[in-house]
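J.: Take this structure first; my questions come after.
There are 2 protein chains.
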Amino acid sequence: MSSLTLPRADGFRMPAEFEPHAGCWLLFPFRPDVWRQNAYPAQHAFAEIVRAIARFEPVTVGVTREQYLTAAKLLPPDVRLVEISYDDIWARDCGPTFVVNDHGQIRGINWQFNAWGELYAPYDLDDLVARKVLAIERTPRYDAPFIMEGGAIHVDGEGTLITTKECLLNPNRNPHLSQAQIDALLKDYLNVQKVIWLEDGVYRDETSGHVDNLCCFVRPGLVLLTWADEDDPQHAISQRAYDLLSSSTDARGRTLEVHKIHQPGPLYFTAEELDETAESDQLNIDFSAGDRLPVSYVNFYIANGGVIVPTYNDPRDAQALATVSALFPTRKVVSVYAREIALGGGSIHCITQQQPKGSY
Amino acid sequence: MSSLTLPRADGFRMPAEFEPHAGCWLLFPFRPDVWRQNAYPAQHAFAEIVRAIARFEPVTVGVTREQYLTAAKLLPPDVRLVEISYDDIWARDCGPTFVVNDHGQIRGINWQFNAWGELYAPYDLDDLVARKVLAIERTPRYDAPFIMEGGAIHVDGEGTLITTKECLLNPNRNPHLSQAQIDALLKDYLNVQKVIWLEDGVYRDETSGHVDNLCCFVRPGLVLLTWADEDDPQHAISQRAYDLLSSSTDARGRTLEVHKIHQPGPLYFTAEELDETAESDQLNIDFSAGDRLPVSYVNFYIANGGVIVPTYNDPRDAQALATVSALFPTRKVVSVYAREIALGGGSIHCITQQQPKGSY
C-alpha cells in the first residue's frame with residue numbers, strides 16, 4: 001500500500017458506468033426521520049430496485065445490525081448482505097469510487113464526506129462507508145484530501161468528466177479550494193484530462209446540484225440531459241447546460257451530442273407524506289407540503305446488460321422509458337416505481353455504486 | 001445454493017487446522033463486563049495476537065461500529081477490518097466452521113449457538129456471526145440444526161474427530177439429542193468417519209469442557225494433551241483422557257500417540273482483576289477472587305508456517321514452548337502473553353477461526 005501515490009500517477013482511472021461491473025453496492029433504508037412510515041415503503045421500493053439490478057449483476061447490500069434480519073427477509077437470497085453502519089443510504093455519495101488500470105487491477109477512492117454541506121449531522125458513519133466497503137473487498141485505498149461525492153461527477157471512461165459549479169464550488173464543500181485546484185484534484189484522482197463545469201444541477205436539489213440528477217453519459221460523446229417546459233424553473237438550468245454541453249468537446253476532441261429527456265411531474269411532497277416522517281433534530285433541512293421533489297429520469301443505474309430507470313406513475317414515464325431504450329439498444333431497460341426513494345432526496349443512481357470488474 | 005444437502009453427501013470435509021489456510025478471523029474485545037479496565041488490556045493483548053498471526057497469514061478482524069476506529073488505530077494496517085456486531089469475541093465458537101472438497105471449493109457451516117448453555121444473554125448477535133462471515137466471503141452456507149461450537153471439536157482432517165461428553169452431551173446444549181444422534185450429525189456435517197468421545201474438558205472450564213482447551217491434533221495420529229500433577233484436580237481428567245486416547249484408533253486405523261504438555265499455574269483470578277471488571281446482568285456466571293482460571297497451553301493457534309502459543313509469565317512457559325517447538329519442527333513458534341484473554345474464559349484458539357484455502 002505504501003506504493004500508492006495518486007491514481008493518475010499510478011496508472012488508474014475511473015471507468016464509465018457503462019463499462020463492465022463486478023457488481024453493485026447499496027445500503028438498506030431505515031431512518032424514520034427521512035423515510036416515512038418507519039421506512040417500510042422505502043424498504044419495499046428498495047427491495048424492488050435490488051431485485052431489478054440483481055437480474056444483471058451481483059448485488060451487495062450493506063445493512064445495520066438492527067436491520068439485518070429485516071433486510072434478509074425482504075431481499076432475494078442471492079443478494080450478499082454485509083453488516084455496515086451508516087447514517088443514510090446514499091451509496092453513490094458515501095461509497096468509494098473505484099478506479100482500474102490496464103492490467104485489470106482495481107483500487108478505491110475514499111472521498112471526504114460532509115453530508116452535502118452538513119444537511120444532516122452526525123455523518124461520521126457515512127464517512128467510514130467507503131473505507132469499510134474497500135476493506136471487505138481487500139481493495140487498496142486512496143484517501144482523497146477533499147470533500148466529494150460520487151453523485152457530483154460523471155465520467156465517460158475516456159478522459160472526460162462532467163460536474164457542476166453549484167456543487168463542487170459550493171462553499172459548503174471545500175471553501176479553501178479554488179476551481180482550478182478542484183479541477184486538478186479531479187484529474188489526479190480520476191485520471192481524466194478534461195473537466196466540463198456546468199453551472200447548476202436540478203432545481204431545488206438538496207445535494208447542491210449533483211450532476212447525476214441532471215445529465216449523464218450514455219456513451220463517450222453522447223450525453224442525456226433532463227429537460228423541462230419553458231414555464232418551469234428547471235428549463236433555464238437545463239437550457240444553459242444544453243448550450244454548454246453541445247458547444248463542448250470531450251477529452252478526445254469529439255463535440256458532445258446532447259439528447260433531452262423530459263422530467264416527470266413536477267412532483268411535490270404531500271402533507272400526508274411529511275406527516276408520516278418522524279421529527280428529528282439531526283436534519284438541517286425542512287420540507288413543507290407542496291415543496292418540489294427534485295426528480296429526473298436520468299438518475300438511472302446502468303448495470304451489465306441493463307438499465308434500471310426510476311418511474312413515478314407519471315404521464316412522462318412511457319416516453320422516458322422509450323428514450324432510454326432507444327439510447328441503450330443493447331441493454332434491457334427495467335423500470336422501478338421510485339417515488340419512495342425520491343422522498344428521501346434522490347433516486348436509483350444516488351443509492352447505487354458500481355464496482356467495476358478487476359482484481360486487487 | 002439449492003443444491004446444498006449435507007457436507008458429507010456433497011463431498012465436503014472439515015480440514016485439520018494444520019492444513020493450508022486462506023487466513024484467520026478474529027473479533028475485537030470490548031465488553032466491560034467481561035474484559036477488565038473497559039477492555040483496554042485485553043485489546044492490547046489481542047492486538048499482539050493479531051500481529052503474531054499476521055506474520056504467517058492474512059488476518060480479518062471483525063469489529064463493532066463503536067470500536068471501529070479504536071481497532072483501526074491499534075491493529076496493524078495490513079489487517080482487514082470489517083464491521084460485524086457480536087456479543088463477545090469467541091470466533092472459534094460463534095464463527096463458521098469451513099469445509100472443503102477435493103476440487104478446492106469451500107463452504108461454511110453455521111452452527112446454532114446458545115452461548116455455551118446460556119452463560120450470557122442475549123446472544124443473538126453472536127448467533128449471526130457465522131452467517132455474516134460467510135456472506136462477506138461469498139461462501140455457500142450450511143445451516144446446521146443443532147447447537148455446536150468450533151471449540152467443542154478437533155479433527156485430524158483424515159476422518160477423525162475428538163470431542164467431550166461433558167460438552168456435546170450436556171443438557172445445556174441439545175437435550176433432545178442422544179449421543180448416537182450427535183455422533184451422526186458430526187459425521188454428516190464434518191465428514192468424519194470416527195468420533196472419539198472423551199469424558200471431560202479442563203477443570204472448571206466454563207464452556208462445559210471444550211476439547212480445544214484439553215487436547216489437539218499435532219498431525220494425524222498424534223495428540224497433544226494438557227497435563228497436571230497428581231494433587232491437582234486436572235490430573236484425573238487428563239489421565240482419563242490419556243487412557244482413552246492412547247487406547248483409541250483413528251479413522252485410518254492408527255493407534256493414537258499422545259504427548260503431554262504440563263499446564264501452567266494453577267492460575268487464579270485476583271480480587272483486583274474482578275474489581276476492575278464491570279457488573280452486568282447479562283452474565284449467568286459469577287467469579288470470585290481465588291477462582292481457578294481454566295488455562296492450558298494446548299489452546300494455541302496453528303497458522304501457515306507458525307504456531308501462536310499462549311504464555312502466562314509462568315515457570316512452565318519455557319517447557320511448554322520447547323514441547324510445541326519440538327512437535328512442530330517445520331513451523332515457527334511465537335508466544336504471546338495471554339492472561340488478559342484467559343480472564344475472559346479462553347485463550348488464543350478460542351478467539352481464532354481459520355479459513356482454509358479454497359474458492360467458492
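Chains as they are written, first to last, in this note's numbering: chain G, 1 to 360; chain E, 1 to 360. For glycine and all other residues, C-beta sits at the position ideal for the given N, C-alpha and C. These figures come from a predicted structure and were not determined experimentally.
#1: For the region 80-107 of chain G, list every residue whose C-beta sits within 8 Å of some C-beta in chain E, in sequence order.
#2: Measure from the C-beta of Arg65(G) to each C-beta in chain E and report whether the shortest distance is under 7 Å.
#3: Span of the beta strand (DSSP E) holding His21(G)?
#4: Is Ala121(G) close to chain E, meaning its C-beta is less than 7 Å from at least one C-beta of that chain?
#5: Of all the options Phe56(E), Leu4(E), Asp93(E), which has the alpha carbon lying nearest to the alpha carbon of Glu349(E)?
#6: Tell me where the alpha helix (DSSP H) around Asp183(E) begins and ends.
#7: My guess is that Val307(G) and Phe328(G) are in contact by the Cβ rule of under 8 Å, so how many angstroms apart are they, rounded?
#8: When you compare the CB of Ser2(G) with every CB in chain E, is at least one pair closer than 7 Å?
#9: Spatial neighbours of Ala121(E) within its chain, please: CB distance less than 8 Å, with the 5 preceding and 5 following residues excluded, ordered by chain position.
#10: Under 7 Å, do Gln193(E) and Gly150(E) count as touching if we go by C-beta distance?
#11: Tell me whether the beta-carbon of Arg131(G) lies closer than 7 Å to the beta-carbon of Asn110(G).
#12: Does the Cβ-Cβ distance between Phe28(G) and Val79(G) come in under 7 Å?
#13: Near Asn174(G), which residues of its chain fall below 7 Å by C-beta distance, leaving aside the five closest residues on each side in sequence?
#14: Can you find a CB in chain G that lies within less than 7 Å of the CB of Lys132(E)?
#15: Against chain E, with Cβ distances strictly below 7 Å, would Ala22(G) count as a contact?
#16: For Arg65(G), which residues of its own chain have a beta-carbon under 8 Å away from its beta-carbon, when the five flanking residues on both sides are left out?
#17: For Ser347(G), count neighbouring C-beta atoms within 10 Å of its own C-beta (all shown protein chains included) and say buried if the count is 16 or more, exposed if not.
#18: For the alpha helix (DSSP H) holding Trp241(E), just list the boundary residues, first then last.
#19: Please check if any C-beta of chain G sits within less than 7 Å of the C-beta of Thr115(E).
#20: What is the rounded straight-line gap between the Cα of Gly104(G) and the Cα of Cys167(E)?
#21: Please give the ranges of any alpha helix (DSSP H) in the region 8-89 of chain E, keeping only runs that are unbroken, at least 4 residues long and fully inside the region.
#22: Mind checking if Ala135(E) is an interface residue toward chain G, Cβ cutoff 7 Å exclusive?
#23: By how many angstroms is the C-alpha of Pro96(G) removed from the C-alpha of Val133(G)?
#24: Using the rule of at least 16 other Cβ atoms within 10 Å of the residue's Cβ for burial, across every protein chain shown, is Leu198(G) buried or exposed?
#25: Just to confirm the assignment, what range does the beta strand (DSSP E) spanning Gln355(G) have?
#26: Leaving out five residues before and five after Ala326(G) in sequence, what residues of the same chain have Cβ atoms less than 6 Å from its Cβ?
#27: Any contact of the region 331-345 of chain E with the region 44-55 of chain E, i.e. 3+ C-beta pairs under 8 Å?
#28: Answer yes or no: do Val106(E) and Phe98(E) have a C-beta to C-beta separation smaller than 7 Å?
#29: Going by beta-carbon coordinates alone, are Trp35(G) and Gln353(G) separated by less than 7 Å?
#30: Could you pull the DSSP bridge partners for Trp197(E) from this structure?
#31: So the candidates are Gly157(G), His210(G), Ala45(G); which of them puts its Cα closest to the Cα of Lys165(G)?
#32: Show which residues of chain E have a CB atom less than 7 Å away from the CB atom of Tyr68(G).
#33: Can you grab the Cα-Cα spacing for the pair Leu256(E) / Gln239(E), in whole Å?
#34: Quick one: using the 10 Å Cβ neighbour count with 16 as the cut-off for buried, is Pro233(G) buried or exposed?
#35: Who are the Cβ neighbours of Arg8(E) in its own chain at under 6 Å, not counting the five residues just before and after it?
#36: What residues from chain E crowd round Leu125(G), counting only those whose CB sits closer than 8 Å?
T.: Walking through what the data contain:
#1: Hits within the stretch, in order: Arg80, Leu81, Val82, Glu83, Ile84, Ser85.
#2: What you label residue 65(G) is simply residue 65 of the first sequence in a count that begins at 1. By this cut-off, Arg65(G) is an interface position.
#3: On the first sequence, position 21 is the one that residue 21(G) refers to. Start and end: 21-27.
#4: In the first sequence, counting from the first residue as 1, residue 121(G) sits at position 121. Against chain E, the CB of Ala121(G) has no partner CB under 7 Å away; the residue lies outside that interface.
#5: What you label residue 349(E) is simply residue 349 of the second sequence in a count that begins at 1. Checking the sequence, you will find His at residue 349(E) rather than Glu. Looking at Phe56(E), Leu4(E), Asp93(E), the one whose alpha-carbon comes closest to that of His349(E) is Asp93(E).
#6: On the second sequence, residue 183(E) is found 183 positions in, with the first residue counted as 1. 179-190 is the extent of the alpha helix (DSSP H) around Asp183(E).
#7: In the first sequence, residue 307(G) corresponds to position 307, counting from 1. In the first sequence, residue 328(G) corresponds to position 328, counting from 1. The C-beta separation of Val307(G) from Phe328(G) comes to about 5 Å, placing the pair in contact by the 8 Å criterion.
#8: Your numbering for residue 2(G) matches position 2 in the first sequence. Confidence at Ser2(G) is low in this model, with a pLDDT of 45, below 50, so its placement is unreliable and no value can be given for it.
#9: The count along the second sequence starts at 1 and reaches residue 121(E) at position 121. So the qualifying residues of the chain are Ala115, Gln282, Asn284.
#10: Taking the first residue of the second sequence as position 1, residue 193(E) is located at position 193. Taking the first residue of the second sequence as position 1, residue 150(E) is located at position 150. Gln193(E) places its beta carbon 7 Å or farther from that of Gly150(E).
#11: One-based indexing of the first sequence puts residue 131(G) at position 131. One-based indexing of the first sequence puts residue 110(G) at position 110. Cβ atoms of Arg131(G) and Asn110(G): closer than 7 Å.
#12: Here residue 28(G) corresponds to residue number 28 of the first sequence, with the count starting at 1. Here residue 79(G) corresponds to residue number 79 of the first sequence, with the count starting at 1. It is not a contact, given that the beta carbons lie outside the stated cut-off.
#13: On the first sequence, position 174 is the one that residue 174(G) refers to. Take Asn174(G), set aside five residues on each side of it, and the residues of its chain with a beta-carbon closer than 7 Å to its own are Phe146, Ile147, Ile182, in chain order.
#14: Counting from 1 along the second sequence, the entry for residue 132(E) is found at position 132. Yes, its Cβ sits closer than 7 Å to a Cβ of chain G.
#15: The residue given as residue 22(G) occupies position 22 in the first sequence. Not a single CB atom of chain E sits nearer than 7 Å to the CB of Ala22(G).
#16: Numbered from 1 along the first sequence, position 65 holds the residue referred to as residue 65(G). For Arg65(G), where only same-chain residues beyond five positions count, the Cβ hits under 8 Å are Glu83, Ser85.
#17: Translated into the one-based positions of the first sequence, residue 347(G) becomes position 347. Within a 10 Å sphere around the beta-carbon of Ser347(G) sit 16 or more other beta-carbons, which makes this residue buried.
#18: Position 241 of the second sequence holds residue 241(E). Reading off the sequence, residue 241(E) comes out as Ala, not Trp. Counted as a single uninterrupted DSSP element, the alpha helix (DSSP H) harbouring Ala241(E) occupies residues 233-246.
#19: What you label residue 115(E) is simply residue 115 of the second sequence in a count that begins at 1. As written in the sequence, residue 115(E) is Ala, which differs from the Thr given in the question. So, not an interface residue.
#20: The sequence position of residue 104(G) within the first sequence is 104, counting from 1. The sequence position of residue 167(E) within the second sequence is 167, counting from 1. Rounded to whole angstroms, Gly104(G) and Cys167(E) show a C-alpha spacing of 50 Å.
#21: Qualifying alpha helix (DSSP H) stretches, in chain order: 40-54, 68-74.
#22: For this step, residue 135(E) is matched to residue 135 along the second sequence. Under the 7 Å criterion on CB atoms, Ala135(E) is classed as interfacial with respect to chain G.
#23: Counted from its first residue, the first sequence places residue 133(G) at position 133. Counted from its first residue, the first sequence places residue 96(G) at position 96. The straight-line gap from Cα to Cα measures roughly 7 Å.
#24: On the first sequence, residue 198(G) is found 198 positions in, with the first residue counted as 1. Result: buried.
#25: For the purposes of this step, residue 355(G) is identified with residue 355 of the first sequence, where counting begins at 1. Boundaries of the beta strand (DSSP E) around Gln355(G): 353-356.
#26: Here residue 326(G) refers to the residue found at position 326 when the first sequence is read from its first residue. Within the same chain, Ala326(G) has no close Cβ partners at all.
#27: Using a C-beta cut-off of 8 Å, the region 331-345 of chain E makes contact with the region 44-55 of chain E, since at least three inter-stretch Cβ pairs fall below that distance.
#28: In the second sequence, the residue the question calls residue 106(E) occupies position 106. In the second sequence, the residue the question calls residue 98(E) occupies position 98. Checking the sequence, you will find Ile at residue 106(E) rather than Val. Yes, Cβ-Cβ distance for Ile106(E) and Phe98(E) is below 7 Å.
#29: Reading the first sequence from its first residue, position 35 is the one you call residue 35(G). Reading the first sequence from its first residue, position 353 is the one you call residue 353(G). No, Cβ-Cβ distance for Trp35(G) and Gln353(G) is not below 7 Å.
#30: Numbered from its first residue, the second sequence carries residue 197(E) at position 197. Residue pairing by DSSP places Trp197(E) opposite Thr163(E) in a beta bridge.
#31: Taking the first residue of the first sequence as position 1, residue 165(G) is located at position 165. Lys165(G) has its Cα closest to that of His210(G), out of Gly157(G), His210(G), Ala45(G).
#32: One-based indexing of the first sequence puts residue 68(G) at position 68. Within 7 Å Cβ-Cβ: Leu128.
#33: Your numbering for residue 256(E) matches position 256 in the second sequence. Your numbering for residue 239(E) matches position 239 in the second sequence. Their Cα atoms are separated by approximately 15 Å.
#34: Looking up residue 233(G) in the first sequence gives position 233. Under this definition Pro233(G) is an exposed residue.
#35: Taking the second sequence and counting its residues from 1, the one referred to as residue 8(E) is at position 8. Leaving aside the five residues that flank Arg8(E) on each side, the residues in its chain whose CB is nearer than 6 Å to its CB run, in chain order, Asp188, Asn191.
#36: Against the first sequence, residue 125(G) aligns to sequence position 125. What Leu125(G) touches in chain E: Arg65.
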